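Here is the structure we will look at, set down as structure tokens.
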Amino acid sequence: MRVVFLLVPQLHLLDLAGPAQVFSTARDLGLDYALHYAAEQDDVPSAQGLPVRRTTGLLPLDPSDLIVVPGWRSHGYPTNGRLSGAAREWLAGHHAAGGTCASVCSGADALGQAGLLDGRRCTTHHLLQDRLASRYKRAKVLKDVLFVIDDRIVTSAGIASGIDLALHLVATRHGPGIAAQIAREMVVYARRNGDDPQDSAMLRHRAHLSDVVHRVQDLIDARFADRLPLRDLAVAAGVSSRTLTRLFGTATGLTPLRYQQLLRLERAEHLIGHGATVESAARAAGFEDPRMLRRLRARS
Numbered sequence: 014m015r016v017v018f019l020l021v022p023q024l025h026l027l028d029l030a031g032p033a034q035v036f037s038t039a040r041d042l043g044l045d046y047a048l049h050y051a052a053e054q055d056d057v058p059s060a061q062g063l064p065v066r067r068t069t070g071l072l073p074l075d076p077s078d079l080i081v082v083p084g085w086r087s088h089g090y091p092t093n094g095r096l097s098g099a100a101r102e103w104l105a106g107h108h109a110a111g112g113t114c115a116s117v118c119s120g121a122d123a124l125g126q127a128g129l130l131d132g133r134r135c136t137t138h139h140l141l142q143d144r145l146a147s148r149y150k151r152a153k154v155l156k157d158v159l160f161v162i163d164d165r166i167v168t169s170a171g172i173a174s175g176i177d178l179a180l181h182l183v184a185t186r187h188g189p190g191i192a193a194q195i196a197r198e199m200v201v202y203a204r205r206n207g208d209d210p211q212d213s214a215m216l217r218h219r220a221h222l223s224d225v226v227h228r229v230q231d232l233i234d235a236r237f238a239d240r241l242p243l244r245d246l247a248v249a250a251g252v253s254s255r256t257l258t259r260l261f262g263t264a265t266g267l268t269p270l271r272y273q274q275l276l277r278l279e280r281a282e283h284l285i286g287h288g289a290t291v292e293s294a295a296r297a298a299g300f301e302d303p304r305m306l307r308r309l310r311a312r313s
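Going letter by letter, the sequence shown gives residues 14 to 313 in the working numbering.
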């Protein structure tokens, strides 16, 4: 899969580097990501003064490829970020062919210029939300969320939320265990919330410093659909079952089984949201009986 960053003059370096680091780390872990940096000029000035050199022009893309538009210095600079007709057509054509287009911060304006926000939910930096809504009146701008996904258009709030967005895209494609591993490699507190202000269970219960519990969570994240007896988890962590239960409860407020159930539930909800039946989602998420999934959904 190619991840192509569209470099716009006066881009913010962190808007570019944060998502790029996520996909680069995923590649280092053996996943099939190739990173490209596209622009219509060789050197693109950044808002922080360091120029960025492109690696390609507006190259032809496959539907499986991802375009990411980092944000640029926008607040107080209304003339920045205007795309050429060729760039607008490139973005619109990729989406029309079945591809995904994502943005960080003011990069949402680029998607708006390409007509990709019309009739869709989206977000941007909190200082730019009103302006985005005013400029693209057919867009449905959501406030106080980290990122929004609507029909292969992915927009994020800005700066560090580009990392959240990229981790979510990796988790959607490869599962939550890989996303958690990348987050730990990057030493970030990862969040995987979508267009509602809730953290995923996998990442909501990671704000602790217990190496033992992190190791067990890594195992559960990677194999949440499998049967994982407490005894086996304890052996993998090098502690007794009683010690693991105590440490896990202190760090997360949950038992290992309840944590696994929450991961299964979130995976099933994701599949159902993408058209799967309750029965098929239950099987894919590791539930032996769809009735258990229905009960958990009713409780939540």
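Ideal Cβ positions, reconstructed from N, Cα and C, are used throughout, including at glycine.
Just so you know, these numbers come straight off a predicted model, no measurement behind them.
From the DSSP output, which residues share a beta bridge with residue i?
i    : result
R40  : DSSP, once it has assigned bridges, lists no residue as partnering R40.
T168 : S116, V161
I80  : V17, C114
S87  : The partner list for S87 (beta bridge, DSSP) is empty, contrary to what the question assumes.
K153 : R134
L24  : S59, W85
Throw me the rounded Cβ distance for the residue i and residue j pair, which I believe falls under 8 Å.
i    : j    : result
S313 : L278 : 7 Å
I191 : V183 : 6 Å
L129 : I80  : Not confirmed; about 10 Å, so no contact.
D243 : L260 : Residue identity differs from the one stated: residue 243 is Leu in this sequence, not Asp. In fact, because the Cβ distance is near 12 Å, the residues do not count as touching under 8 Å.
Q126 : L96  : 5 Å
F36  : A179 : 6 Å
A51  : G70  : 6 Å
A264 : A281 : That belief does not hold up - the Cβ atoms of A264 and A281 are roughly 25 Å apart, past 8 Å.
L306 : A294 : 7 Å
Q273 : D231 : The Cβ separation is near 13 Å, so there is no contact.
How is residue i classed by DSSP in three states: helix, strand or coil?
i    : result
T290 : coil
Y50  : strand
R240 : coil
T137 : coil
R304 : helix
L178 : helix
V225 : helix
T265 : helix
T69  : strand
A146 : helix
V201 : coil
V35  : helix
L276 : helix
T92  : coil
H218 : coil
D231 : helix
V183 : helix
V252 : coil
L129 : coil
L309 : helix
G106 : helix
A314 : Within the shown structure, residues of the chain are numbered from 14 to 313, placing residue 314 beyond reach of any answer.
- Query: Is the number of C-beta pairs between the segment 154-161 and the segment 100-113 that are closer than 8 Å three or more?
  - Reply: no
- Query: If we count Cβ pairs, one from each stretch, closer than 8 Å, do we get three or more for the segment 112-130 versus the segment 139-154?
  - Reply: yes
- Inter-stretch contact (C-beta, 8 Å, three-pair minimum) for the segment 138-145 and the segment 40-55: no
- Query: Does the segment 70-86 come within contact of the segment 15-35, defined as at least 3 CB pairs closer than 8 Å?
  - Reply: yes
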